[in-house]
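Each residue of the sequence shown is one higher than the one before, counting from 11 in the working numbering.
Yeah, the Cβ is synthetic: ideal placement off N, Cα and C, and Gly gets one too.
Data block below; observations after.
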Amino acid sequence: MSGLAMIDGERTTGQDVRMANVTACMAIANIVKSSLGPVGLDKMLVDAIGDVTITNDGATILKMLEVEHPAAKVLVELADLQDQEVGDGTTSVVIIAAELLKRANELVKNKIHPTTVMSGYRLAMREAVKYIKNNLLVSADELGDDVLLNACRTSMASKILGPESDFFAAMAVKALTSVKSVNNEGKARYPVSAVHILKCHGRSALESELVDGFALNCTRASQQMPTRIDGAKIALLDFDLKRHKMQMGVQVVVNEAKEVEGIRQREQDITKERIEKILESGANVILTTKVSHS
Numbered sequence: 011m012s013g014l015a016m017i018d019g020e021r022t023t024g025q026d027v028r029m030a031n032v033t034a035c036m037a038i039a040n041i042v043k044s045s046l047g048p049v050g051l052d053k054m055l056v057d058a059i060g061d062v063t064i065t066n067d068g069a070t071i072l073k074m075l076e077v078e079h080p081a082a083k084v085l086v087e088l089a090d091l092q093d094q095e096v097g098d099g100t101t102s103v104v105i106i107a108a109e110l111l112k113r114a115n116e117l118v119k120n121k122i123h124p125t126t127v128m129s130g131y132r133l134a135m136r137e138a139v140k141y142i143k144n145n146l147l148v149s150a151d152e153l154g155d156d157v158l159l160n161a162c163r164t165s166m167a168s169k170i171l172g173p174e175s176d177f178f179a180a181m182a183v184k185a186l187t188s189v190k191s192v193n194n195e196g197k198a199r200y201p202v203s204a205v206h207i208l209k210c211h212g213r214s215a216l217e218s219e220l221v222d223g224f225a226l227n228c229t230r231a232s233q234q235m236p237t238r239i240d241g242a243k244i245a246l247l248d249f250d251l252k253r254h255k256m257q258m259g260v261q262v263v264v265n266e267a268k269e270v271e272g273i274r275q276r277e278q279d280i281t282k283e284r285i286e287k288i289l290e291s292g293a294n295v296i297l298t299t300k301v302s303h304s
């Protein structure tokens, strides 16, 4: 026992730990609570280098906080995950989670085992989801454009696009309706992943446009190439579009000088054959993962 090091410290267990965790989570919720809803207040945040950020977006506020408590960090990660998966409701999910923890702590104080509380929460969640699907869920096909536009405006109100919510709400509704698909069961699907956002610097946000097609932010192999193609037939390649050359390490034995010229000619013919096949396919847009020469 002489080899053991004695370190002064304090061990906290049981109700004290639960109370500390709930208090930390409630503190996080109280920070963003006043920014919830249409009359929510903006927060002015100043980082370590003095940059000022004014926002009422819950995810942005929590990202800029230097949270050290483990339980509070869980709420910060929850808000970040909500922002990535849904893009909205970050403040609401933090407030609801903190309130559930607060109520659960009160139940545990009344000698109800935490496992029982968790089982009750899971049962309540299933019933809530069932009620929403049966009574509150409305198919997007049954909603008019006005309802969809208002939903988009509400979601964008607390974002950086808030002042231009009318412009971008109309663009978002048009974009999603353009990728609408119907499965074998006759149910409509609106795959958000099918809508790509391409960021371009140097112009106003109101100059953004919805392209009924696909836009690429890349350079052209030649200045003579067009910047826009309608009715595109695309070829996706995984080989070079340059003069074919034998790979390093390949050895060729020739007996006559004219055979060298034959090898060079064959290299050119390989490239020509590839190009001819592409032209025969009718492709007018060629994308390659390798090198292409003008």
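Among K190, L186, N194, G196, whose alpha-carbon lies nearest the alpha-carbon of I207?
The sequence position of residue 207 within the sequence shown is 197, counting from 1. For I207, the nearest C-alpha among the options comes from L186.
In this structure, how does DSSP classify A179 when only helix, strand and coil are distinguished?
One-based indexing of the sequence shown puts residue 179 at position 169. Correct three-state label for A179: helix.
Selected residue, minimal CA-CA separation from T164, among D151, D67, A198
Here residue 164 corresponds to residue number 154 of the sequence shown, with the count starting at 1. It is D67.
Nearest to E78 by CA position, among L159, Q92, C35, is which residue?
As a working note, residue 78 is residue 68 in the sequence shown. Looking at L159, Q92, C35, the one whose alpha-carbon comes closest to that of E78 is C35.
Looking only at DSSP bridge pairs, what is S191 linked to?
For this step, residue 191 is matched to residue 181 along the sequence shown. DSSP, once it has assigned bridges, lists R199 as partnering S191.
Which first and last residues belong to the beta strand (DSSP E) in which M54 is found?
Position 44 of the sequence shown, counted from the start, is the residue given in the question as residue 54. Looking at the DSSP string, the run of the beta strand (DSSP E) that includes M54 is 53-56.
Tell me, please, whether the stretch 274-292 touches the stretch 215-235 by the rule of three or more beta-carbon pairs shorter than 8 Å.
no
Can you tell me which of the three DSSP states I64 falls into?
Along the sequence shown, read from residue 1 onward, the residue named residue 64 stands at position 54. Reduced to three states, the DSSP call for I64 is strand.
Return the chain-ordered ranges of every beta strand (DSSP E) run that is complete within the stretch 44-128 and spans a minimum of 3 residues.
For the stretch 44-128, whole beta strand (DSSP E) runs of length 3 or above, ordered along the chain, are 53-56, 62-65.
Helix, strand or coil, according to DSSP, for T281 in the structure here?
One-based indexing of the sequence shown puts residue 281 at position 271. Residue state, collapsed to three classes: helix.
CB L159 to CB V183, shorter than 7 Å?
Here the question's residue 159 lines up with position 149 in the sequence shown. Here the question's residue 183 lines up with position 173 in the sequence shown. In this structure, V183 lies closer than 7 Å to L159 by Cβ.
Taking only three categories from DSSP, how would you classify I239?
In the sequence shown, residue 239 corresponds to position 229, counting from 1. In this structure, I239 counts as coil in the three-state DSSP scheme.
Simplified DSSP state of L208, which is helix, strand or coil:
Here residue 208 refers to the residue found at position 198 of the sequence shown. In the structure shown, L208 sits in coil (DSSP, three-state: anything other than H, G, I, E or B).
Between the stretch 41-53 and the stretch 131-151, are three or more C-beta pairs nearer than 8 Å?
The answer is no - the stretch 131-151 does not touch the stretch 41-53, with fewer than three Cβ pairs under 8 Å.
In terms of alpha-carbon separation, which member of I122, V118, V86 lies closest to A107?
Translated into positions along the sequence shown, residue 107 becomes position 97. Shortest Cα-Cα distance from A107 to any of I122, V118, V86 involves V86.
Quick check on the burial criterion: 16 or more other C-beta atoms within 10 angstroms. Buried or exposed for L111?
Counting from one through the sequence shown, the residue named residue 111 turns up at place 101. The residue in question, L111, is buried, as its Cβ has 16 or more Cβ neighbours within 10 Å.
One question on the structure: do A293 and A215 come within less than 7 Å of each other, judged by their Cβ atoms?
Working through the sequence shown from its first residue, we reach residue 293 at position 283. Working through the sequence shown from its first residue, we reach residue 215 at position 205. No; because the gap between Cβ atoms is not below 7 Å, this pair is not in contact.
Nearest candidate by alpha-carbon position, reference V295, set R238, S175, K252:
Position 285 of the sequence shown holds residue 295. Nearest C-alpha to V295: R238.
Burial state of C162 (16 or more Cβ within 10 Å):
Residue numbering aside, residue 162 sits at position 152 when the sequence shown is read from its first letter. For C162, the number of other beta carbons within 10 angstroms of its own is at least 16, and it is reported as buried.
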